[in-house]
Amino acid sequence: MTALPHLFAPITLRNLTIRNRILSTGHDTTLPTAFVPNDALVAYHRARAAGGAGLIVMQVAGVHETARYTAHLLMATSDDCIPGYARVAGAVHEHGCALFAQLFHPGREIMESQDGTAPVAYAPSAVPNERFHVMPRAMPAAMIAEVIAGYAAAAHRLERAGLDGVEVVASHGYLPAQFLNPRVNLRSDAWGGDDVARRRFLDQVLAAIRAATGPDFVVGLRISGDEKDADGLSAEEVMATLVAFDGRFDYYNVTAGTSAGIGSAINIAPPMAVAHGHLAPLSASIRARVTTPVFVAGRINQPQDAERILASGAADMVGMTRALICDPDMPAKAREGRLDDIRACIACNQACIGHFHMGYPISCIQHPETGRELTYGTPAPTPAPRRILIAGGGPAGMKAAAMAAARGHHAILCEAGRQLGGQALLAQMLPTRAEFGGIITNLAREMTLAGVEVRTSTRVTRDLITSIAPDAVVIATGAGPRAPQIEGAQTGHVVNPWQVLRNEVNVGGSVLIADWSLDWIGMGLAEKLARAGCRVRLAVDGYMAGQRIHQYVRDLWIGTLHDLGVEVIPYARLYGIDGQTVYCQHATSGAPMLFDDVDTLITSLGHHSICDLDDTVADLGLECHVIGDALTPRTAEEAVFEGLKVGAVI
Ligand SMILES: Cc1cc2nc3c(=O)[nH]c(=O)nc-3n(C[C@H](O)[C@H](O)[C@H](O)COP(=O)(O)O)c2cc1C
Ligand code: SF4
9 MTALPHLFAP ITLRNLTIRN RILSTGHDTT LPTAFVPNDA LVAYHRARAA GGAGLIVMQV
69 AGVHETARYT AHLLMATSDD CIPGYARVAG AVHEHGCALF AQLFHPGREI MESQDGTAPV
129 AYAPSAVPNE RFHVMPRAMP AAMIAEVIAG YAAAAHRLER AGLDGVEVVA SHGYLPAQFL
189 NPRVNLRSDA WGGDDVARRR FLDQVLAAIR AATGPDFVVG LRISGDEKDA DGLSAEEVMA
249 TLVAFDGRFD YYNVTAGTSA GIGSAINIAP PMAVAHGHLA PLSASIRARV TTPVFVAGRI
309 NQPQDAERIL ASGAADMVGM TRALICDPDM PAKAREGRLD DIRACIACNQ ACIGHFHMGY
369 PISCIQHPET GRELTYGTPA PTPAPRRILI AGGGPAGMKA AAMAAARGHH AILCEAGRQL
429 GGQALLAQML PTRAEFGGII TNLAREMTLA GVEVRTSTRV TRDLITSIAP DAVVIATGAG
489 PRAPQIEGAQ TGHVVNPWQV LRNEVNVGGS VLIADWSLDW IGMGLAEKLA RAGCRVRLAV
549 DGYMAGQRIH QYVRDLWIGT LHDLGVEVIP YARLYGIDGQ TVYCQHATSG APMLFDDVDT
609 LITSLGHHSI CDLDDTVADL GLECHVIGDA LTPRTAEEAV FEGLKVGAVI
């Protein structure tokens with residue numbers, strides 16, 4: 009008997025029995041290159057099916073030419089899509105997993121253009137959105153009919169491709185939700201007006217799909233149970249719709265938020281500051297009112313949490329999307345009771361949805377094999393095991409060691425400090441970032457499973473290298489805080505973020521953070537010190553605080569800083585300090601910007617590489633690889649990826 013009985017209980021929708029309750033909800037992967045599924049996408053989903061997921065809902069497929077909301081989505085508007093979908097279905101079914109796909113029209117939520125020119129966005133009415141600044145054109149009635157027919161034709165194609173079902177995307181403020189919303193749908197024809205008229209679009213989409221597909225084909229609905237936006241659908245409005253449609257869809261897949269609002273979009277992939285399973289109460293309230301099975305997602309990253317949500321009756325199935333992006337084998341590990349082996353997602357959003365918003369293929373900072381299954385899917389055992397010395401126990405070194413050892417090498421990792429983790433040890437000390445420390449736990453576990461020999465409190469020196477006598481050395485010694493000459497530094501109190509986080513310095517009551525990095529550090533310190541009662545000014549050498557991190561993480565944090573009274577000053581390039589006056593220069597006009605009454609200036613000015621072993625290794629005539637921040641300072645994502653790359657070839 010498994011310890012997770014609810015999670016591994018099968019569920020039946022129509023005539024489809026799904027082996028467990030673990031669901032990968034629809035998510036854009038940016039893997040498709042020509043609007044149809046390709047080899048990379050097949051390999052991506054095969055990995056998750058092989059890892060034991062019960063159901064995969066594939067990313068959105070456009071149902072009409074006007075549905076192209078990014079330059080790299082899937083389209084199901086012609087039979088050209090069928091072979092690619094059939095290959096995904098074959099790969100997923102081969103491993104006993106069910107496969108649905110999302111049917112999609114964004115309405116006004118056009119995020120990206122195809123060629124640099126803004127397309128005409130079509131929505132129920134000409135009501136603009138906040139986030140993408142799109143003013144749509146009201147859909148002519150003839151186009152509404154075309155789009156409905158497009159949903160049906162797309163569903164029929166996906167059924168022919170061998171998929172088990174489709175999911176109508178009415179979540180996140182996309183087209184069906186726009187029709188439902190009285191503040192977005194201002195029509196006075198048959199498609200707008202009272203509740204019945206505003207539900208007509210969804211009603212006809214469902215009827216058309218049912219008419220075009222067979223009786224066993226599953227048709228679900230993804231919906232935001234609460235769009236959490238002043239202009240969005242309220243929980244009460246959504247509930248009324250779900251009650252009205254009860255029994256007609258085969259399941260409701262509950263999420264939250266709308267793409268239309270800067271703040272509410274954060275709910276689409278909630279960052280680590282948001283509680284685990286935060287939408288379970290919302291799905292529970294819906295499940296209590298309908299007979300339709302209810303699924304829920306949102307920060308459910310561990311099987312124990314999923315089990316609790318299912319056992320409490322809050323949902324019939326759990327979306328564990330980033331959990332599967334981070335660890336495709338999570339279901340199999342859970343089923344086998346290997347809970348400590350699971351690489352839990354830390355909701356950093358950096359390489360999954362962060363890549364999506366930059367137009368790059370999906371990956372994961374902890375598991376860079378994701379999205380690169382064709383290259384790194386299966387580590388090739390080495391034909392000639394060697395002794396590999398890895399200098400540095402941060403994320404780069406840990407991944408390199410784990411990968412090298414997994415391939416059969418004798419990997420010896422030496423870390424000068426007492427603890428593994430490198431800069432992740434500091435990153436986890438920032439407010440709401442404690443979960444970042446999970447990257448250390450997870451990589452340490454990977455090393456243990458692979459059989460890496462770990463030596464902490466061991467600095468790599470020439471003598472040590474000679475005594476270990478490795479065949480190759482990987483230098484992953486990381487970086488330290490950059491401390492450029494600042495004019496007048498000796499006249500004031502100037503400290504760096506590491507000193508503050510390690511409590512090595514006292515910080516005055518009035519602080520200015522000069523932030524060139526534009527990442528987590530400036531915002532995190534600002535929150536920490538504001539909460540400690542300091543007056544905090546965050547002078548950013550850029551357009552906005554957190555400019556270089558994923559928008560949901562940044563936007564949530566900017567709201568917190570606003571509420572805490574932190575003053576954010578954009579375009580401020582640090583110039584110097586004179587006693588308690590900090591001088592900046594406006595980054596474009598060059599005009600002086602003076603900040604008085606500064607007790608402490610914190611310089612978040614990036615890092616410098618620590619790499620003083622390469623000459624020694626070269627001198628000893630050994631093969632040498634430099635990775636991560638030791639190569640040049642960046643983030644944990646590049647560090648882990650470079651660890652993977654070197655571990656895969658060494
Ligand atoms: C890279 C990425 C892309 C996403 N794209 C979509 C999408 O196309 N359609 C959708 O309904 N949800 C999308 N989502 C939201 C996920 O389906 C899911 O609701 C979200 O990740 C929260 O669940 P989780 O905490 O288990 O990851 C996306 C999420 C990620 C991480
Ligand atoms: S990149 Fe971060 S949020 Fe995305 S799956 Fe990996 S750990 Fe989770």
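In the working numbering, the protein residues as written are 9 to 658.
Where a beta carbon is used, it is the ideal one built from N, C-alpha and C, also for glycine.
Every value quoted in this text rests on a predicted model; they were computed, and no experiment measured them.
The beta-bridge partner set that DSSP reports for Gln593 consists of Arg581, Pro600.
Between the stretch 353-362 and the stretch 72-87 there are fewer than three inter-stretch CB-CB distances shorter than 8 Å, so the stretches are not counted as touching.
Placement of the Cβ of Cys356 at a distance of less than 7 Å from at least one heavy atom of ligand 2 is found. Taking a contact to require three or more Cβ pairs closer than 8 Å, the stretch 376-386 and the stretch 451-466 do not qualify as touching.
Bounds of the alpha helix (DSSP H) holding Gln186 are 183-188. Apart from the 5 residues on each side of it in sequence, Thr221 sits with its Cβ closer than 7 Å to the Cβ of Ala163, His164, Glu167 in its chain, given in chain order. Of the heavy atoms belonging to ligand 2, at least one sits nearer than 7 Å to the Cβ of Ile333. No heavy atom of ligand 1 is found nearer than 7 Å to the CB of Gln310. Given a length threshold of 4 residues, each whole run of the alpha helix (DSSP H) inside the stretch 329-353 is given here in chain order: 329-334, 338-343.
8 Å or more divides the Cβ of Val68 from the Cβ of Gly98. If you draw a straight line from the Cα of Ile473 to the Cα of Leu347, it comes to about 36 Å.
Distances taken from the Cβ of Ser272 to the heavy atoms of ligand 1 include none shorter than 7 Å. Per DSSP, Pro489 is one residue of the beta strand (DSSP E) stretching across 487-489. His417 counts as buried, since at least 16 other C-beta atoms from the protein chains shown sit within 10 angstroms of its C-beta. In the three-state reduction of the DSSP assignment, Val302 falls in the strand class. Under the three-state reduction of DSSP, Ile118 is assigned to coil, being neither helix nor strand.
When secondary structure is reduced to three states using DSSP, His558 falls in the coil class, being assigned neither helix nor strand. Excluding the 5 residues flanking it on each side, Ala79 has same chain C-beta neighbours closer than 8 Å at Glu120, Ser121, Gln122, Gly367, in chain order. Three or more Cβ pairs drawn from the stretch 382-395 and the stretch 475-492 lie within less than 8 Å of each other, which places the two stretches in contact. Taking Met151 as the centre and dropping the five residues before and after it, the same chain places the C-beta of Tyr130 closer than 7 Å to its C-beta, in chain order. C-alpha of Gln431 to C-alpha of Ser291: approximately 38 Å in a straight line.
Three or more Cβ pairs closer than 8 Å define a contact, and the stretch 22-29 meets that threshold against the stretch 98-112. Only buried fits Ala638, as 16 or more other CB atoms lie within 10 angstroms of its CB.
Judged by DSSP in its simplified three-state form, Gly367 adopts coil rather than helix or strand.
When secondary structure is reduced to three states using DSSP, Cys89 falls in the helix class. Between Ser617 and Thr643 a beta carbon distance of about 14 Å is seen, past the 8 Å cut, so the two are scored as non-contacting. Per DSSP, Met406 is one residue of the alpha helix (DSSP H) stretching across 403-414. The C-beta distance from Leu31 to Val226 rounds to 13 Å, too long to meet the 8 Å contact threshold. In this structure, the CA atom of Asp324 is about 11 Å from the CA atom of Glu315.
Distance from the CA of Ile370 to the CA of Glu495, rounded to the nearest whole angstrom, comes to 43 Å. Taking the CA atoms as reference points, Cys360 sits about 12 Å from Tyr560. DSSP places Tyr551 in the coil class of the three-state scheme, outside both helix and strand. Not one heavy atom of ligand 2 falls within 7 Å of the beta-carbon of Arg380. Here the C-alpha atom of His615 lies approximately 41 Å from the C-alpha atom of Ala238. Around His53, the same chain offers Ile64, Val96, Val100 as residues with beta carbons nearer than 6 Å, after the five sequence neighbours per side are excluded.
Counted as a single uninterrupted DSSP element, the alpha helix (DSSP H) harbouring Thr383 occupies residues 381-384.
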